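J.: Below: one structure in structure tokens.
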Amino acid sequence: MKHPLLPLSETMHYILLALKQPLHGYAIMQTVEQMSEGTVILAAGTLYGAIENLSKHGWIAPVPGETGRRKVYRITADGERVLAIERRRLAHLLALYETRD
Amino acid sequence: MKKRKWFINLLKEEKWLNDRLAEGYACRRVGSLGGYVFERSERPMVIRLDYQRQMSAEKYEEYKGTYADFGWTHLKGSRWGSVQYWQKPADGRDEIFSDAGSQVAFYQRLTHYALTTASLFFIYTFILFNGNIFAALFDIKASYLTEGLWEMEGAMFWRAFLFETPFAMLRFLPAWIFGLAIVMALYSYFQYVKRKKEYA
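Here's what the structure looks like:
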């Protein structure tokens, strides 16, 4: 059965990619803003919901040992697998762009 | 400035609050019984309302922490399934949702909220009126229990009527709130379906 979060939305995609390095919530927003060259600016509620959703599916997880006020997250092995699936899907689409031109 | 107003529709409440802020105010306090306190503000402010279902203390801290990092001040809300009031100075990044998915999820939560409210008042009304919801909704006279009240005349009637009105309100208001909550639930649900169609 198809996973409810697949294919990844732009928000989820950027967050998973950003979390290849450990980041807390606000830093995720800043990183995504940079990565997307200012086109994706996450709002607080959207970011909170996305973190909750991605954690629920085990694609990201809090980094143990971080004791600050803010939780620091990082992508998990499952999350990496999802990105690999998405990568193949997007590569296939891109290849079609080349051949159908 | 103090204002008293009562809302069932959270979207109308948000609109009303932002209309007050646009007049040059900031909200200082949101009371639990429809009381709002505003103060003059040099900076233009915005308010956004969110609804969250019951969550653990830890989750709630994370929720509030995330919003705080984005510059939002928490005006009111609890972790037991409640409306969350957020305010911040307007700076162009004034929304709490930035993509379609989270908008859709918000309307889904809103539908759940209205249904919960409706069920609560339904149960209350059902018990109070022995299951006769229609009497509760449309027959206000049924809420007055004083014997022979409607046969009384003149001052005697008005005294008895006014005396009982607060008690009668406790009986018929929940039924009306139930009705309004049903309308709100349907409205949120249609918004949910509409957004979902728009985006997906």
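Sequences listed follow chains A and B, in order.
Residue 1 is where the first sequence starts when you use the numbering used here, and the numbers rise one by one after that.
Residue 102 is where the second sequence starts when you use the numbering used here, and the numbers rise one by one after that.
Glycine included, every Cβ here is placed at the ideal spot set by N, Cα and C.
The structure presented is a predicted model; accordingly, all values stated were derived computationally and were not measured.
1) If you follow the alpha helix (DSSP H) that residue 113/B is in, where does it begin and where does it stop?
2) Whose C-alpha, out of 273/B, 114/B, 293/B, 259/B, is nearest the C-alpha of residue 223/B?
3) List, in chain order, every chain A residue whose beta-carbon is nearer than 7 Å to that of residue 164/B.
4) From residue 207/B to residue 154/B, what distance separates their C-alpha atoms?
5) Am I right that residue 150/B and residue 124/B are in contact with their C-beta atoms under 8 Å? What's the rounded C-beta distance?
6) Any chance the region 209–229 of chain B sits against the region 262–279 of chain B, with 3 or more Cβ pairs inside 8 Å?
7) Are the C-beta of residue 100/A and some C-beta of chain B separated by less than 8 Å?
8) Where residue 117/B and residue 105/B are concerned, what is the direct C-alpha to C-alpha distance, given to the nearest angstrom?
9) Taking the straight line between their C-alpha atoms, what separation do you get for residue 17/A and residue 136/B?
10) State the CB to CB distance for the pair residue 173/B and residue 44/A, rounded to an integer number of angstroms; the pair is presumed to be in contact (CB under 8 Å).
11) Three-state secondary structure (DSSP) at residue 102/B?
12) Count the CB pairs spanning the region 32–52 of chain A and the region 198–217 of chain B that are closer than 8 Å, and state whether there are at least three.
13) Unbroken alpha helix (DSSP H) runs of length 4 or more, entirely within the region 141–168 of chain B: which are they?
14) At least one CB of chain A closer than 8 Å to the CB of residue 105/B: is that the case?
15) Determine the contact status of residue 275/B and residue 212/B, defining contact as a CB-CB distance below 8 Å.
16) Using only alpha-carbon positions, find the residue among 297/B, 268/B, 293/B, 215/B that is nearest to residue 286/B.
17) Please report the straight-line C-alpha distance between residue 110/B and residue 284/B, rounded to a whole angstrom.
18) Kindly indicate which residue of 41/A, 100/A, 61/A, 28/A has the alpha-carbon position closest to the one of residue 80/A.
19) In three-state DSSP terms, what is residue 63/A?
20) Using a Cβ-Cβ distance under 8 Å, would residue 9/A count as near chain B?
T.: Taking the definition as stated:
1) Sequence index remark: in the second sequence, residue 113/B carries index 12 (1-based). Note, residue 113/B: alpha helix (DSSP H), 111–123.
2) Taking the first residue of the second sequence as 1, we reach residue 223/B at position 122. Checking every option, the nearest Cα to that of residue 223/B belongs to 273/B.
3) In the second sequence, the residue the question calls residue 164/B occupies position 63. Ordered by position in chain A, the residues that pass the 7 Å Cβ test against residue 164/B are 48.
4) Counted from its first residue, the second sequence places residue 207/B at position 106. Counted from its first residue, the second sequence places residue 154/B at position 53. Their backbone Cα atoms lie some 11 Å apart in a straight line.
5) Within the second sequence, the letter at position 49 stands for residue 150/B. Within the second sequence, the letter at position 23 stands for residue 124/B. The C-beta distance from residue 150/B to residue 124/B rounds to 19 Å, too long to fall under 8 Å, and the pair is not in contact.
6) Between the region 209–229 of chain B and the region 262–279 of chain B there are three or more C-beta pairs closer than 8 Å, enough to call the two in contact.
7) Locating residue 100/A in the first sequence gives position 100, where the first residue counts as 1. Answer no: the Cβ-Cβ gap between residue 100/A and chain B never drops below 8 Å.
8) Against the second sequence, residue 117/B aligns to sequence position 16. Against the second sequence, residue 105/B aligns to sequence position 4. Across the structure, residue 117/B and residue 105/B are spaced so that their CA atoms are roughly 12 Å apart.
9) Counting from one through the first sequence, the residue named residue 17/A turns up at place 17. Counting from one through the second sequence, the residue named residue 136/B turns up at place 35. Distance between the alpha carbons of residue 17/A and residue 136/B is about 45 Å.
10) Position 72 of the second sequence, counting from 1, holds the residue named residue 173/B. Position 44 of the first sequence, counting from 1, holds the residue named residue 44/A. With a Cβ gap of about 6 Å, residue 173/B and residue 44/A count as contacting.
11) Taking the first residue of the second sequence as 1, we reach residue 102/B at position 1. In this structure, DSSP gives residue 102/B a state outside helix and strand, which the three-state scheme calls coil.
12) yes
13) none
14) Numbered from 1 along the second sequence, position 4 holds the residue referred to as residue 105/B. Chain A contact via Cβ: absent.
15) By 1-based counting over the second sequence, the position of residue 275/B is 174. By 1-based counting over the second sequence, the position of residue 212/B is 111. Not in contact: residue 275/B and residue 212/B (Cβ atoms no closer than 8 Å).
16) Reading the second sequence from its first residue, position 185 is the one you call residue 286/B. For the residues 297/B, 268/B, 293/B, 215/B, the minimum Cα distance to residue 286/B belongs to 215/B.
17) Working through the second sequence from its first residue, we reach residue 110/B at position 9. Working through the second sequence from its first residue, we reach residue 284/B at position 183. Each residue's alpha carbon lies about 9 Å from the other.
18) Mapped onto the first sequence, residue 80/A falls at position 80. Just measuring C-alpha positions, the residue of 41/A, 100/A, 61/A, 28/A sitting nearest residue 80/A is 61/A.
19) In the first sequence, the residue the question calls residue 63/A occupies position 63. Note: residue 63/A maps to coil in three-state DSSP.
20) Here residue 9/A refers to the residue found at position 9 when the first sequence is read from its first residue. Interface residue, yes.
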